[in-house]
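Q: At position 27 of the sequence shown the residue is numbered 28 (my numbering), and the sequence of numbers has no breaks. Backbone N, C-alpha and C define an ideal beta-carbon position, used for all residues, glycine too. Source: prediction; values computed, not measured.
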Amino acid sequence: VAILKDFLMVGALVIVLAGVIAGVGGVPEVVAKVNAISSGYFTVSRPGLDATFWVSSVIVTGIGAGFNTFPHLWPPILAAKSGAVLRRNNSWIAVYQLCLFIPILVGLAGILVLKPKTSGNNVLLGVAQQTLPEPLIAVIAIGGAAAAMVPAGAIAMGISLLVSHNLISVRSPKLRFRINHLMVAVAVGLALAFGLAKSDIAALLLLTYGGLTQFAPAVAFANAKKVRVHGIPIVLGIAAGTISVAVITFGGIKTGGIDSGLLSLVPNLLVFTLAEVVRRVLFKGQPPVPPEADEANDGAPVTARPVAVEGAGA
Numbered sequence: 002v003a004i005l006k007d008f009l010m011v012g013a014l015v016i017v018l019a020g021v022i023a024g025v026g027g028v029p030e031v032v033a034k035v036n037a038i039s040s041g042y043f044t045v046s047r048p049g050l051d052a053t054f055w056v057s058s059v060i061v062t063g064i065g066a067g068f069n070t071f072p073h074l075w076p077p078i079l080a081a082k083s084g085a086v087l088r089r090n091n092s093w094i095a096v097y098q099l100c101l102f103i104p105i106l107v108g109l110a111g112i113l114v115l116k117p118k119t120s121g122n123n124v125l126l127g128v129a130q131q132t133l134p135e136p137l138i139a140v141i142a143i144g145g146a147a148a149a150m151v152p153a154g155a156i157a158m159g160i161s162l163l164v165s166h167n168l169i170s171v172r173s174p175k176l177r178f179r180i181n182h183l184m185v186a187v188a189v190g191l192a193l194a195f196g197l198a199k200s201d202i203a204a205l206l207l208l209t210y211g212g213l214t215q216f217a218p219a220v221a222f223a224n225a226k227k228v229r230v231h232g233i234p235i236v237l238g239i240a241a242g243t244i245s246v247a248v249i250t251f252g253g254i255k256t257g258g259i260d261s262g263l264l265s266l267v268p269n270l271l272v273f274t275l276a277e278v279v280r281r282v283l284f285k286g287q288p289p290v291p292p293e294a295d296e297a298n299d300g301a302p303v304t305a306r307p308v309a310v311e312g313a314g315a
């Protein structure tokens, strides 16, 4: 299904590109027409989208990518057979990056052929309706739906597995199974709520990148050879940072162009530091993780525990 999704998505992009070129013009023509309307579309000096915003957004994206803070990518990465498999899969990312110019060109074409008040969520199909016959629009709709549903399924499964296997320690397989289903329903329900609220795609993307950046301190501490902090302060810091991102994003709070994810790292680290200090005071001398879970003790000899065998004599 994932392979079919990839072919449908790339095919839909190529079809839309062909429609734009045939109905509006090639890249030079579209850029020249948009620039004639307003050169502001090609600058980073617009209110709210100035150089400060772009630089801080690039920093946030770099932090998130550098620390691999996308939880739905952790299972396939950790389950990879070897580093060669990861390198082969990552080599295709460059191909997808090259395809990004197609949606950008479609957005520029939308400025020329769509009404000014058209919602940003409707630009792709709107341009397709203006430049393509109806049968091809159906192909684009199917490709778009597949491109959304397949990653959404992987994300929902990743969220549920992380909660039931990592965040909540559950021994019963039946209870873990039910928690998986519950978390999938919660994740999909939240996505549906955002969709029904007509949330802007750009705002949701900013919330996603800014929110996931709050995992960076946790990943940094976890990668250390010896774990020196407890999980609860880390979780509290992540919660504080994520709430901060949501409040700034949906509350329309002015930040001077600085990305909300970068600003929210401040309350994240403050809450984490305070919680960790309190933990060390209340549980002085207690290690943050069990000795057997610490990588620093990987080379230490393991003492076998006595096991009682049913039916064995004294």
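With H, G and I counted as helix, E and B as strand and the rest as coil, what does DSSP make of Phe8?
A: helix
Q: Straight-line CA distance for Val333 to Met184?
A: Residue coverage of the chain in this structure runs from 2 to 315, which leaves residue 333 outside it and unanswerable.
Q: Can you find at least 3 beta carbon pairs, one from the stretch 223-239 and one from the stretch 174-192, that sit closer than 8 Å?
A: no
Q: Rounding to the nearest angstrom, what Cα-Cα distance links Val337 and Asn181 in this structure?
A: Nothing in the structure corresponds to residue 337, since the chain is present only between 2 and 315.
Q: Quick one: is Ser83 buried, meaning 16 or more other Cβ sit within 10 Å of its Cβ, or exposed?
A: exposed
Q: For the alpha helix (DSSP H) holding Pro134, just list the boundary residues, first then last.
A: Careful: Pro134 lies outside any alpha helix (DSSP H) and carries neither H nor E.
Q: Would Thr119 pass as a contact of Gly20 if the rule is Cβ separation under 8 Å?
A: no
Q: Nearest-angstrom Cα distance between Cys100 and Ile16?
A: Near 12 Å, if we compare the C-alpha coordinates of Ile16 and Cys100.
Q: Is the beta carbon of Ile249 closer than 8 Å to that of Phe321?
A: The structure shown does not extend to residue 321, since the chain spans only 2 to 315, so no value can be given for it.
Q: Pick helix, strand or coil for Gly20, following the three-state DSSP scheme.
A: helix
Q: Pop quiz: Lys6 and Ala139 are said to be a contact at Cβ under 8 Å. What is the actual Cβ separation, rounded to whole angstroms?
A: Between Ala139 and Lys6 the Cβ distance is about 16 Å, and since that is not below 8 Å, they are no contact.
Q: In the DSSP assignment, the alpha helix (DSSP H) including Tyr97 goes from what residue to what residue?
A: 94-99
Q: From which residue to which residue does the alpha helix (DSSP H) around Lys34 run?
A: 28-38
Q: Within a Cβ cutoff of 6 Å, which residues of the same chain sit near Ala52, ignoring the five residues on either side of it in sequence?
A: Val45
Q: Can you give me the Cβ contacts of Val230 inside the same chain, cut-off strictly under 6 Å, excluding the 5 residues immediately before and after it?
A: Phe222, Glu277, Pro289
Q: Could you tell me which whole alpha helix (DSSP H) segments of length 4 or greater appear in the stretch 58-82?
A: 75-79
Q: Grouping DSSP H, G and I as helix and E and B as strand, with all else coil, what is Leu176?
A: helix
Q: Using the C-alpha atoms, what's the distance from Ser58 back to Ile143?
A: Rounded to the nearest angstrom, the two C-alpha atoms are 32 Å apart.
Q: Could you tell me the alpha carbon to alpha carbon distance between Leu271 and Ser261, rounded to whole angstroms?
A: 16 Å
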